[in-house]
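Numbering (full-length UniProt numbering), first residue to last: 1 to 273.
Set out below in structure tokens:
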């Protein structure tokens, strides 16, 4: 959060000059230099403690992988701290693959698959087939392919979101469909089967001056059922639900031109814990 709270003006301990027309400080009793010094010492003390706390939290002191240091009851590593496992380097159909056979690998796979399945490329037949083949387990990919072809080629659905029959955006407009994972959680696990929840925010709509479906933000949690097959985690099924949804801030929406530039200039990420 940015420091937007009103803090008032600090007392300096300097002598005030009383000007004609009354005291500009509202007639408040004058504070002594000693009082100001105490206030300054207190503030400095708080800042020093804060800096020390941050340094302690971020230091690398050779603690063990589980966050314990062997020096008593020390704070454990945060769940959002880097795990030390390198992100995957291989790709299948343009999608990261070759995830570790572990809970961490399953979380990384689920996050990456959420990005792929929520992308604008899913509205293009050739790209959609490539994504589904890369993400789903072989024994369910064919059925999922058929179901998704039916859903993504529905003319009424495409018309409602402002796309043509082939899934393309109108001239002068850019179709935006992005998933940005915020966090993941393993809810059940086994040797070769794991369930992972992915909490994410989604951008969806058409950017452009003539757009009737401007880009909006939504929040969802999708539960992915993953199976370990062919030395990788693959999706067998998923369920989606709304939220958790944070309180929105009072920010001015960007122009259609700014949104289009952002989508074209900022690429996505490979997600790995």
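We treat Cβ as the ideally placed atom computed from N, Cα and C, and that holds for glycine.
Just so we're clear, the structure is a prediction, and the values are computed from it rather than from any experiment.
So if DSSP puts residue i in a beta bridge, which residue, or which two residues, is it bridged to?
{"i": "residue 205", "result": "176"}
{"i": "residue 98", "result": "Bridge partners of residue 98: none, in fact."}
{"i": "residue 183", "result": "199"}
{"i": "residue 238", "result": "224"}
{"i": "residue 232", "result": "229"}
{"i": "residue 136", "result": "235"}
{"i": "residue 194", "result": "189 and 226"}
{"i": "residue 219", "result": "201"}
{"i": "residue 168", "result": "DSSP, once it has assigned bridges, lists no residue as partnering residue 168."}
{"i": "residue 153", "result": "Paired residues: none, contrary to the question."}
{"i": "residue 144", "result": "DSSP, once it has assigned bridges, lists no residue as partnering residue 144."}
{"i": "residue 92", "result": "95"}
Evaluate residue i with the Cβ neighbour count: other Cβ atoms within 10 Å of its Cβ, from every protein chain shown; 16 or more gives buried, anything less gives exposed.
{"i": "residue 157", "result": "exposed"}
{"i": "residue 160", "result": "exposed"}
{"i": "residue 181", "result": "buried"}
{"i": "residue 107", "result": "buried"}
{"i": "residue 112", "result": "buried"}
{"i": "residue 173", "result": "buried"}
{"i": "residue 137", "result": "buried"}
{"i": "residue 147", "result": "exposed"}
{"i": "residue 110", "result": "buried"}
{"i": "residue 229", "result": "exposed"}
{"i": "residue 215", "result": "buried"}
{"i": "residue 280", "result": "Coverage of the chain is limited to positions 1 through 273, which leaves residue 280 absent and any answer about it impossible."}
{"i": "residue 258", "result": "exposed"}
{"i": "residue 23", "result": "Low local confidence applies: a pLDDT of 44 at residue 23 is under 50, so the model's placement there is unreliable, and no value is given."}
Figure out for me which residue from the options has the closest Cα to the Cα of residue i.
{"i": "residue 269", "options": "102, 253, 260 and 179", "result": "179"}
{"i": "residue 205", "options": "105, 193 and 260", "result": "260"}
{"i": "residue 100", "options": "162, 214 and 232", "result": "232"}
{"i": "residue 125", "options": "139, 135 and 152", "result": "152"}
{"i": "residue 188", "options": "208, 207 and 225", "result": "225"}
{"i": "residue 209", "options": "244, 254 and 135", "result": "254"}
{"i": "residue 244", "options": "221, 150, 263 and 230", "result": "221"}
{"i": "residue 185", "options": "104, 97 and 213", "result": "104"}
{"i": "residue 240", "options": "223, 258, 252 and 140", "result": "223"}
{"i": "residue 234", "options": "123, 242, 141 and 149", "result": "141"}
{"i": "residue 155", "options": "219, 123 and 143", "result": "123"}
{"i": "residue 219", "options": "129, 191 and 242", "result": "242"}
Since residue i and residue j are thought to touch, with beta carbons under 8 Å apart, how far apart are those beta carbons, to the nearest angstrom?
{"i": "residue 193", "j": "residue 227", "result": "5 Å"}
{"i": "residue 308", "j": "residue 217", "result": "Outside the displayed span of the chain (1 to 273) sits residue 308, for which this structure offers no information."}
{"i": "residue 115", "j": "residue 271", "result": "7 Å"}
{"i": "residue 132", "j": "residue 145", "result": "5 Å"}
{"i": "residue 207", "j": "residue 263", "result": "6 Å"}
{"i": "residue 306", "j": "residue 170", "result": "Nothing about residue 306 can be reported from this structure: the residues present for the chain run from 1 to 273 only."}
{"i": "residue 88", "j": "residue 97", "result": "6 Å"}
message = Would the stretch 153-170 count as touching the stretch 187-197 if we require 3 or more Cβ pairs under 8 Å?
response = The stretch 153-170 vs the stretch 187-197: no contact.
ask   = Is the stretch 240-256 in contact with the stretch 85-101, if contact means three or more CB pairs nearer than 8 Å?
value = Contact fails: fewer than three Cβ-Cβ distances are below 8 Å.
query = Per the contact definition of three or more C-beta pairs closer than 8 Å, is the stretch 110-125 in contact with the stretch 169-178?
reply = Contact annotation: the stretch 169-178 touches the stretch 110-125, with at least three C-beta pairs closer than 8 Å.
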